[in-house]
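Student:
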Amino acid sequence: MNKEFANNLLNVNRRHFLGKAAAGIGGIALGSLLMPDLFGGKKDLTEGLPLGVPHFAPKAKRVIYMFQNGAPSQLESFDYKPMLKKMAGQDLPESIRQGQRLTGMTSGQTKFPLMGSFYDFKQYGQSGAWISDLFPNMAKIADDMCIIRSMNTEAINHDPALTFMQTGAQIGNRPSMGAWLSYGLGSENQNLPAFSVLLSRGRGNGQGVYSKLWTNGFLDSTHQGVLFSSSEDPILFLNDPDAMERASRRKMLDNLAELNHLGFEKNGDPEVNAKVEQYEMAYRMQTAVPELTDLSKESDATIKMYGPECLVPGTYAANALLARKLSESGVRFVQLYHQGWDQHGNLPNEMALQAEDVDRASAALITDLKQRGLLDETLVIWGGEFGRTNYCQGKFTEDNYGRDHHPRAYSIWMAGGGIKPGVYGETDEFGYNIIKDPVHVNDFHATVLHQLGLNHEQLTYKHLGRRYRLTDVAGKVVSGIIS
Amino acid sequence: MQKIEKNASQLLIFTNVMLLFMFLFESKIQIPSFLEPLGRLHPLMLHLPIGIFIAALILWLLKKYFDGKNISSFLFLIAAITSAITALLGLILAQENGYDPEQLKFHKWGGIVTSVLSWLTYLAISKNWKIEPYIIIGSTLALVVTGHIGGEITHGENYVLETFTEDDKKVFDPNGTVYDEAIFPILESKCLSCHNDKKLKGELNLSSISAMMKGGKDGPIFIAGDALQSHIIQNAKLPIEDKKHMPPKGKPQLSVLELSILEQWINHGADLEMPFEALDTKDTLRKLISDQYQTSPDEVKTYDFSAASSSDILGVNNPFCTVSELSLGSPALKADFYVAQRFDVNSLKSLEKVKKQLVELSLAKMPISDDDLKILSSFENLETLNLNFTNIKGTGLKNLSKSIESLSLSGSKLSKGVLGNLNGLTNLKTLYLWETGIDEKEIAGFQKSNPEIRVVKGYIPTDKDIIKLNAPIMVSKTGIASKAQLKHSLKDVSIRYAIDGSVPDSAKGELYQNEIPFEGFLNVKAIATKGGWLASDVKTFTFFKSNFKADSAWLISEPDKQYPGKGAKTVIDQMQGDKRNFKDFAWLGYKQNNAEILIKTEGQSSGLTVSFLNSPGSFIMPPTEVQLWAGNSKESLELVGTKYPKKLTKEDKGIYYGGISFPFTKKFIYFKIVAKPISKLPSWHSGAGQKAWVFIDEIYFY
Numbered sequence: 032m033n034k035e036f037a038n039n040l041l042n043v044n045r046r047h048f049l050g051k052a053a054a055g056i057g058g059i060a061l062g063s064l065l066m067p068d069l070f071g072g073k074k075d076l077t078e079g080l081p082l083g084v085p086h087f088a089p090k091a092k093r094v095i096y097m098f099q100n101g102a103p104s105q106l107e108s109f110d111y112k113p114m115l116k117k118m119a120g121q122d123l124p125e126s127i128r129q130g131q132r133l134t135g136m137t138s139g140q141t142k143f144p145l146m147g148s149f150y151d152f153k154q155y156g157q158s159g160a161w162i163s164d165l166f167p168n169m170a171k172i173a174d175d176m177c178i179i180r181s182m183n184t185e186a187i188n189h190d191p192a193l194t195f196m197q198t199g200a201q202i203g204n205r206p207s208m209g210a211w212l213s214y215g216l217g218s219e220n221q222n223l224p225a226f227s228v229l230l231s232r233g234r235g236n237g238q239g240v241y242s243k244l245w246t247n248g249f250l251d252s253t254h255q256g257v258l259f260s261s262s263e264d265p266i267l268f269l270n271d272p273d274a275m276e277r278a279s280r281r282k283m284l285d286n287l288a289e290l291n292h293l294g295f296e297k298n299g300d301p302e303v304n305a306k307v308e309q310y311e312m313a314y315r316m317q318t319a320v321p322e323l324t325d326l327s328k329e330s331d332a333t334i335k336m337y338g339p340e341c342l343v344p345g346t347y348a349a350n351a352l353l354a355r356k357l358s359e360s361g362v363r364f365v366q367l368y369h370q371g372w373d374q375h376g377n378l379p380n381e382m383a384l385q386a387e388d389v390d391r392a393s394a395a396l397i398t399d400l401k402q403r404g405l406l407d408e409t410l411v412i413w414g415g416e417f418g419r420t421n422y423c424q425g426k427f428t429e430d431n432y433g434r435d436h437h438p439r440a441y442s443i444w445m446a447g448g449g450i451k452p453g454v455y456g457e458t459d460e461f462g463y464n465i466i467k468d469p470v471h472v473n474d475f476h477a478t479v480l481h482q483l484g485l486n487h488e489q490l491t492y493k494h495l496g497r498r499y500r501l502t503d504v505a506g507k508v509v510s511g512i513i514s
Numbered sequence: 199m200q201k202i203e204k205n206a207s208q209l210l211i212f213t214n215v216m217l218l219f220m221f222l223f224e225s226k227i228q229i230p231s232f233l234e235p236l237g238r239l240h241p242l243m244l245h246l247p248i249g250i251f252i253a254a255l256i257l258w259l260l261k262k263y264f265d266g267k268n269i270s271s272f273l274f275l276i277a278a279i280t281s282a283i284t285a286l287l288g289l290i291l292a293q294e295n296g297y298d299p300e301q302l303k304f305h306k307w308g309g310i311v312t313s314v315l316s317w318l319t320y321l322a323i324s325k326n327w328k329i330e331p332y333i334i335i336g337s338t339l340a341l342v343v344t345g346h347i348g349g350e351i352t353h354g355e356n357y358v359l360e361t362f363t364e365d366d367k368k369v370f371d372p373n374g375t376v377y378d379e380a381i382f383p384i385l386e387s388k389c390l391s392c393h394n395d396k397k398l399k400g401e402l403n404l405s406s407i408s409a410m411m412k413g414g415k416d417g418p419i420f421i422a423g424d425a426l427q428s429h430i431i432q433n434a435k436l437p438i439e440d441k442k443h444m445p446p447k448g449k450p451q452l453s454v455l456e457l458s459i460l461e462q463w464i465n466h467g468a469d470l471e472m473p474f475e476a477l478d479t480k481d482t483l484r485k486l487i488s489d490q491y492q493t494s495p496d497e498v499k500t501y502d503f504s505a506a507s508s509s510d511i512l513g514v515n516n517p518f519c520t521v522s523e524l525s526l527g528s529p530a531l532k533a534d535f536y537v538a539q540r541f542d543v544n545s546l547k548s549l550e551k552v553k554k555q556l557v558e559l560s561l562a563k564m565p566i567s568d569d570d571l572k573i574l575s576s577f578e579n580l581e582t583l584n585l586n587f588t589n590i591k592g593t594g595l596k597n598l599s600k601s602i603e604s605l606s607l608s609g610s611k612l613s614k615g616v617l618g619n620l621n622g623l624t625n626l627k628t629l630y631l632w633e634t635g636i637d638e639k640e641i642a643g644f645q646k647s648n649p650e651i652r653v654v655k656g657y658i659p660t661d662k663d664i665i666k667l668n669a670p671i672m673v674s675k676t677g678i679a680s681k682a683q684l685k686h687s688l689k690d691v692s693i694r695y696a697i698d699g700s701v702p703d704s705a706k707g708e709l710y711q712n713e714i715p716f717e718g719f720l721n722v723k724a725i726a727t728k729g730g731w732l733a734s735d736v737k738t739f740t741f742f743k744s745n746f747k748a749d750s751a752w753l754i755s756e757p758d759k760q761y762p763g764k765g766a767k768t769v770i771d772q773m774q775g776d777k778r779n780f781k782d783f784a785w786l787g788y789k790q791n792n793a794e795i796l797i798k799t800e801g802q803s804s805g806l807t808v809s810f811l812n813s814p815g816s817f818i819m820p821p822t823e824v825q826l827w828a829g830n831s832k833e834s835l836e837l838v839g840t841k842y843p844k845k846l847t848k849e850d851k852g853i854y855y856g857g858i859s860f861p862f863t864k865k866f867i868y869f870k871i872v873a874k875p876i877s878k879l880p881s882w883h884s885g886a887g888q889k890a891w892v893f894i895d896e897i898y899f900y
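Taken in order, these protein sequences are the chains called F and B. For any residue, its number in my numbering is found by taking its place in the first sequence, counting from 1, and adding 31. For any residue, its number in my numbering is found by taking its place in the second sequence, counting from 1, and adding 198.
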């Protein structure tokens, strides 16, 4: 009697048990096949590697990316090609061009007259890097720079190329580099956004930048880049309204969080929690930001180093100085954009103006980080989205010219963060094709992640049924530039 | 018995199907974490099928001698079930990382085959198939092979015979020759299997130096100093499909690094006796070898102290002090303090909980004093310390732990003579002293007695570093304001200006103070100067005095259809149109007829300014004549004034704003402006004789 009762209670006998256990295990297997996240919890998102900590000992802790938007010409900056000067006006040999893709702006040209640099080059530093006279201050830090002359990309127009450089895809729906780093490493300073964006505009022909470049994509929106205003108040509406006390602000946020929490329990939307986190961040930023934007404590030597423009909000120099302050305060990724590098025409004049904007401040940032002992742990990147053609756009004239887009070879430089100073990669005598050590954009991304202690193949996020990476399905760490 | 066998058969079908399923879809399946311990039972479970199978096998072999058929069949059944379960557990275990994927693959296949074959064995025996003996031989083989591979995975290759074979795996010895330590190991691992004493493919033997120097049937394998002409390099660089490519397709290939090492060594002269230490530290070959054998000194540092508990790490974290692991699995910690205003010395004190693990600490910009540095004395493994821009004077530096390798003091105003406090820091490698106020002499002295320390002094401006100031800027961004004010963001800058069109310099022109007096409209040229800096470029600023916004406006005469602006409100929107883009709907353009605009304002004003555009290149010229009519009703307007803006000359180039002001003393409500375009462009103009445009924008009241 008791036995039956117990059996009934459990509703199990030996046969039942075997049958059910088998069905159960089968069900589990099937269930996890259909819904792999079913039992995994958080772990699945990165295939087991926890977030917020480097996968291995990092060389760099932070990144400052000085993006030269519009694509500065490599032939007037870091890729010295005397041959172009010798052959000025002559047609680009077909053996070099090899029928490769051109933009619609020059594909109709019957002639592709070669054009050498308007500016002279000299050699600098231990590596004997050739740097044009347009960048006298950068030339002084040649021993800290690693010039990569063999960058190449797949896109030939600004927007896709820029999006590719920033997100690893030409279509703008993927997370930006900074968002990936924020996701992978978290924030060092909880009082500031881990990913900050600063804009400035030069005097040359400009191209737009859009918020998709600093998007969080499918990642949590806390990883989105925060665009700082170029006014004297880099973060608008940060101050409490008059007569609002700190304590009542705190109380308001607490009550709001409670309401949001109720909402979250009802609808389960993770964006609700992201929002609460952002409110909290803004609250903490109210104390942290005034320290950042206070320039009165910067010494005269510092101002002289960056140039006095650094005191005028919204200039490249001011952004470079602010970038140093943000980075020093633990902001993981500071993204600068300087617009105006799209020299389809009037290149000698416009490029001089652009160079004047950025040369001094870019070099100063390196020097400044160095003297604070921060260059070793900060990776600084300088460069555009592609290169420019070795032939001139339109008709050949001796004293003025422009260059079209050229994705097959361009130059960028990096400094600090465990990058080995020197010159890497080489293009042919015409500066058209890469002949040694090409660095694809995916490789560049893999290397940046590597320097920050992240394995680019392990930093993944599962979205729409597959795992995404910054480098997607490609990318190799460029070991030749790592010290 | 039958019932058992029936149930067992079903179980067998189920487990084997499940096994195949898991095997095929392995990459897509995630094992729930509560099942993971089951996987670990695999090494225990596997003994059952092996033991039972062998017992069954013995009974089967001895079946002639006694009737063991039934019991043997039953044992095979149990062996089949246990091997299926063992294989299942094995697949779960395989989800854990850390096994050699190649071996694992074979083992997995083996497990499946064993399971299926044991099942077939049972069927063959119970159903008396003719092929019974072959199946049994097959399953026995599968069992042995799978078991063996499994053993190798667990215990390492060649585990059984290990005691007989000598361990010849050599450790890289930097004191040996390059050939012995770096070149031969590459040849040994990638070439020797086909080119040795017993096997002489291509008549080449690489097992000894003398044999190698004889070369193969194509001659010597390398030409010292010329890697590109050496067979070994040439063949290695051929496409892998090429018949001559070495090592042949299918054999383990040379890695890029190994190939580079061989290449560099040949280019170095292929010296067989050269000691590794004779290579310069910057030498490419040395670096490549170091990479290959990981002897580089800046190898990733490992720490042997124990990790802090996660509750301790959590406990010392707060919004203004971030403590985190250096990297995954590392016991070492770093701590960074942020937001000076919220600095709390207690959170520094609390770091004592993790004092053993802390290797990096940043207190930059925190208001800490020399006394607080005593807290750091117990941080025995601290390597990197950042004390930039703190309040320390340097007397507390003697308390620092001698483990410190990098110390940043930049921006902290140190007292004279405090560098002596660093003498105890025997591990110090880098010292940052920018803007510490310590004089050159003391730094030089310190550097002399500590030549191995890299002292970074940072940027110190010299007399040669004279750079140009930036130009002054307007206080109001638009120049539309009640006062004409300029400013410069740098301290102690003087601004000089000229309103008469002349060019100011550091001596000439008015010195700016507070504001520039003006009537209603002002074009002013200004520069900034400061001692030790070059004067800025001259910049032109335009000011429109504006105290309030008019109420409403009407266009009495219609502007040209091309440039209609935003209608009447164009002139009272308190915005000035873009100079460079006169098409931007901020300008009213007139050419065929006079501009006539009526404005109403109740405000008390003492004058008004009509703004226009000068752009001779685009045929936009100032009006020849501007009239102001005013009154208290629309109907009773009287002429208050007529002005004739300065005519442009050939020298007036560029694009700039113009303005003409009418001061008045009486109070009016309605104002009518009449502006007349030039009917014939002057003879110096490229469009001489044609009609000119007048472009009107805002009308300002002050």
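Using N, Cα and C, we set each Cβ at its ideal position, and we do this for glycine too. Quick caveat: nothing in here was measured; it's all calculated off a predicted structure.
Going along chain F, which residues have a C-beta under 8 Å from B:S525?
Tutor: V84, P85, H86, F87, A88, P89, G484
Student: Can you list the alpha helix (DSSP H) stretches of 4 or more residues lying completely in the region 286-358 of chain B, in chain order?
Tutor: Those alpha helix (DSSP H) runs which fall completely within the region 286-358 of chain B and span 4+ residues are 299-324, 330-353.
Student: Nearest chain F C-beta to B:R540 closer than 8 Å, yes or no?
Tutor: yes
Student: For the region 634-665 of chain B, which residues have a beta carbon sitting closer than 8 Å to at least one beta carbon of chain F?
Tutor: V654, K655, G656, Y657, I658, P659, D663, I665
Student: Taking the DSSP output, what are the residues bridged to B:N812?
Tutor: Note: B:N812 sits in a beta bridge opposite B:Y854.
Student: Please report the straight-line C-alpha distance between B:K388 and B:P445, rounded to a whole angstrom.
Tutor: 7 Å
Student: Mapping the DSSP letters down to three states, classify F:V470 as helix, strand or coil.
Tutor: strand
Student: Take the Cβ of F:N298 as the centre, count every other Cβ of all protein chains shown within 10 Å, and call the residue buried at 16 or more, exposed below.
Tutor: exposed
Student: Taking 8 Å as the CB-CB cut-off, is F:L342 touching chain B?
Tutor: yes
Student: I believe F:A351 touches F:A395 by the beta-carbon criterion, under 8 Å. Please report the beta-carbon distance rounded to the nearest angstrom.
Tutor: Between F:A395 and F:A351 the Cβ distance is about 7 Å, and since that is below 8 Å, they are a contact.
Student: Would you call the region 560-567 of chain B and the region 371-387 of chain F touching, i.e. three or more CB-CB distances under 8 Å?
Tutor: By the Cβ rule, the region 560-567 of chain B does not count as touching the region 371-387 of chain F, because fewer than three pairs are nearer than 8 Å.
Student: With respect to the beta strand (DSSP E) encompassing B:S803, which residues constitute its N-terminal and C-terminal limits?
Tutor: Looking at the DSSP string, B:S803 is not in any beta strand (DSSP E), and its letter there is neither H nor E.
Student: Excluding the 5 residues flanking B:S610 on each side, which residues of the same chain have their C-beta closer than 7 Å to its C-beta?
Tutor: Same-chain partners within the cutoff: L585, N586, F587, T588, I590, T634.
Student: By the criterion of Cβ-Cβ separation under 8 Å, what are the contact partners of B:Y630 in chain F?
Tutor: Q402, R403, G404
Student: Could you name the residues of chain B that F:R315 contacts, counting a contact when the two beta carbons are closer than 7 Å?
Tutor: P517
Student: Would you call the region 271-287 of chain F and the region 334-352 of chain F touching, i.e. three or more CB-CB distances under 8 Å?
Tutor: no
Student: Measure from the alpha carbon of B:Q208 to the alpha carbon of each residue in B:L275, B:G345, B:I381, B:F219, then state which is nearest.
Tutor: B:L275
Student: Assuming F:R280 and F:D273 form a contact by the criterion Cβ under 8 Å, report the distance between their Cβ atoms to the nearest whole angstrom.
Tutor: Contact doesn't hold; Cβ gap of about 13 Å is too wide.
Student: Alpha carbons only, please: which of B:L426, B:H443, B:K485, B:L390 is nearest the one belonging to F:S510?
Tutor: The shortest C-alpha separation from F:S510 is found at B:K485.
Student: Apart from the five residues just before and just after F:Q154, which ones in its own chain have a Cβ nearer than 6 Å to its Cβ?
Tutor: W161
Student: Please report how far the alpha carbon of B:S391 lies from the alpha carbon of B:T284, in whole angstroms.
Tutor: Straight-line Cα distance between these residues: approximately 37 Å.
Student: Consider the Cβ of F:A319: report whether some Cβ of chain B lies at a distance smaller than 8 Å.
Tutor: Closer than 8 Å: yes.
Student: What three-state label does DSSP hand F:T409 in the structure shown?
Tutor: Residue state, collapsed to three classes: strand.
Student: Looking at the C-beta of F:Q221, does it have a partner C-beta in chain B at a distance below 8 Å?
Tutor: Yes, contact with chain B.
Student: Could you give the DSSP three-state label for F:C177: helix, strand or coil?
Tutor: strand
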